[in-house]
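Numbering (full-length UniProt numbering), first residue to last: 1 to 310.
Presented below is the structure to which this report refers.
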Amino acid sequence: MEIIKIDSYNDIEQQEDSVLVLGYFDGLHRGHKELFNQAREIAQKMQLKIVVLTFPESPQLAFARFEPDLLNHINYPEKRYRKFAEYGVDCLYLTDFTSSFAKISSDDFIKNYIQALKAKAVVMGFDYKFSHNKTNSDYLKRHFTGQVITVPEVQYDGKKISSTRVRQLINQGDMTQVNRLLGYEFSTRGLVVHGDARGRTIGFPTANLAPLDRTYLPADGVYVADVIVGRKRYRSMTSIGKNITFGGTELRLEANIFDFDDDIYGETIEIFWLNKIRDMIKFNGVNDLVEQLKSDKEIAINWENHSQVL
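Structure representation (structure tokens):
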């Protein structure tokens with residue numbers, strides 16, 4: 001897959017006819033996947049390349065009062081790009097959603113972007129809007145000579161699958177539901193750094209992690225998680241919270257990796273969040289904590305994936 005960063009339509013140099021998929025695609029969840037399923041069918045029938053025009057950051061940054069959460073993502077960039085490639089995208093165009101981009105008229109967007117990308121067909125979600133007129137697919141069908149496919153709402157458990165819903169579930173720590181909506185396992189990356197080394201003294205050594213990316217983190221708690229170290233995948237119990245038993249005040253992300261005892265300081269590891277075991281609890285002492293960790297480890301070791309991840 002080719003990734004092309006453009007500042008404006010003047011930078012577009014698309015050579016081959018395409019089926020163009022439009023959207024922001026932060027989560028690349030099962031609803032989004034349906035757009036790419038349809039794009040692949042069209043591409044095969046019409047011998048077209050699959051092209052995406054999207055944004056590296058949320059369009060909300062151009063409209064809403066700034067909050068730090070607006071800079072967070074469900075997937076870190078490299079994983080997002082891998083999912084695009086997995087879904088069959090040949091060429092990914094990235095452009096910043098700026099005030100000037102937001103002011104583009106519907107007709108200019110069709111002329112300067114859709115036609116410049118040599119689109120013979122356009123695939124978009126039922127709720128996708130473009131241009132400052134907030135135009136939908138009905139307008140495009142009337143003013144674009146190619147095929148327009150509007151993908152209807154995709155639901156799970158009777159409700160729309162959306163990035164907003166995924167983010168809410170991450171904030172609640174419901175990783176089983178998160179992974180069902182995504183259709184794959186939610187993950188974050190961290191750099192292994194030195195911590196208090198307290199876990200080693202009680203028989204549960206942990207890799208202390210400094211989060212690397214502007215991605216959402218699950219709610220405080222202890223989780224079943226798989227960890228990629230190098231190219232190998234290990235089961236772990238991973239905690240996120242403030243170590244309140246020991247009076248901690250800073251957020252800590254720590255992974256107790258099973259059947260692993262190498263020093264990996266300075267390495268980047270990826271955590272696949274599978275299921276929440278419990279909330280963070282303040283224990284009366286170390287003995288109570290150790291007994292709980294033994295129980296947590298048993299749960300993590302024996303956990304099996306029945307989450308219907310597709």
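Virtual Cβ for every residue (Gly too), placed ideally from N, Cα, C.
Tell me the DSSP secondary structure of residue i in three-state form.
i, result
"methionine 46", "helix"
"glycine 190", "strand"
"isoleucine 114", "helix"
"glycine 31", "helix"
"aspartate 107", "helix"
"proline 77", "helix"
"phenylalanine 272", "strand"
"serine 100", "helix"
"valine 51", "strand"
Given that a residue counts as buried once 16 or more other Cβ atoms are within 10 Å of its Cβ, and exposed if not, what is residue i?
i, result
"histidine 194", "exposed"
"glycine 158", "exposed"
"aspartate 108", "exposed"
"phenylalanine 101", "buried"
"isoleucine 281", "exposed"
"threonine 145", "exposed"
"alanine 251", "For the sequence presented, residue 251 should be read as leucine rather than alanine. By the 10 Å Cβ count, leucine 251 comes out exposed."
"asparagine 275", "buried"
Measuring CA to CA, which of the options is closest to residue i?
i, options, result
"lysine 129", "Pro218, Val123 and Ser137", "Ser137"
"isoleucine 42", "Asn171, Leu20 and Arg30", "Leu20"
"valine 192", "Pro205, Ser131 and Leu182", "Pro205"
"aspartate 69", "Ile271, Lys79, Ser58 and Pro77", "Ser58"
"lysine 33", "Glu86, His73 and Phe66", "Glu86"
"asparagine 133", "Ser105, Leu140 and Pro152", "Ser105"
"lysine 120", "Asp7, Asp127, Lys141 and Ala207", "Lys141"
"isoleucine 4", "Leu35, Arg40, Phe36 and Val89", "Val89"
Hey, does residue i have any beta-carbon neighbour from chain B nearer than 8 Å?
i, result
"tyrosine 81", "As a matter of chain content, chain B is missing from the structure shown, which is built from one protein chain."
Start and end of the alpha helix (DSSP H) containing residue i?
i, result
"isoleucine 299", "286–302"
"lysine 281", "The sequence given here places isoleucine at residue 281; lysine does not occur at that position. No alpha helix (DSSP H) contains isoleucine 281, which DSSP labels as neither H nor E."
"alanine 64", "Counting along the chain, alanine 64 falls outside any alpha helix (DSSP H), and DSSP gives it neither H nor E."
Just reading off the beta strand (DSSP E) that residue i is part of, what are its end residues?
i, result
"valine 227", "221–229"
"glutamine 147", "147–151"
- Is the segment 47–66 in contact with the segment 87–107, if contact means three or more CB pairs nearer than 8 Å? yes
- Examine the Cβ distances between the segment 260–272 and the segment 291–307 and report whether three or more of them are shorter than 8 Å. no
- Query: Counting Cβ pairs, one atom from each stretch, are 3 or more of them under 8 Å apart for the segment 178–190 and the segment 36–50?
  - Reply: no
- Item | Cβ contact check for the segment 216–230 and the segment 164–174: 3 or more pairs under 8 Å | yes
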